[in-house]
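A.B. asks:
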């Protein structure tokens, strides 16, 4: 049962923009009580050095916490799905705004891609209503 939960978490995280290794590490931590980098590498099947790099990325993004215990670092998840979803929506919003600016700058684009431009504006209004 735990394996199924972990797989579903990994799929969710991938859908939310995490790389394969990041989703594997984060899902592993979500279903544990804290692990060392070596334990995470063994559990996920990724090389230790690759695991460390991804742990550092996840730590920088604020998704995990690193605590020193008995001469080793133990990693714990900061599980905040709302923050993860908000981050992804903000990324999408930024990209949509950049595309909209391109349409606004070139009249020929506005005419040629009017349907697409309207859909982008619609998406931006939706994101704005979310209040994110």
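Numbering (our numbering), first residue to last: 269 to 400.
Ideal placement from N, C-alpha and C gives every residue a C-beta, glycine not left out.
#1: At which residues does the beta strand (DSSP E) containing residue 332 begin and terminate?
#2: DSSP three-state label for residue 343, please.
#3: Taking one C-beta from the stretch 330-347 and one from the stretch 358-369 each time, how about it: are there three or more such pairs within less than 8 Å?
#4: Are the CB atoms of residue 308 and residue 289 within a distance shorter than 8 Å?
#5: In three-state terms, what does DSSP make of residue 303?
#6: Judging by CA-CA distance, which residue of 338, 304, 387, 326 is the nearest neighbour of residue 352?
#7: What does the Cβ neighbour count give for residue 398, buried or exposed, with the cut at 16 atoms within 10 Å?
#8: Determine the DSSP secondary structure at residue 292, reduced to helix, strand or coil.
#9: Below 8 Å on the Cβ atoms is my contact criterion, and I expect residue 277 with residue 295 to pass it. Report the Cβ-Cβ distance as a whole number of Å.
C.D. replies: So, to answer that:
#1: 332-337
#2: strand
#3: no
#4: Not a contact, by the Cβ cut-off of 8 Å.
#5: In the structure shown, residue 303 sits in a strand (DSSP, three-state: E or B).
#6: With distances taken between Cα atoms, residue 352 lies closest to 326.
#7: exposed
#8: helix
#9: 4 Å
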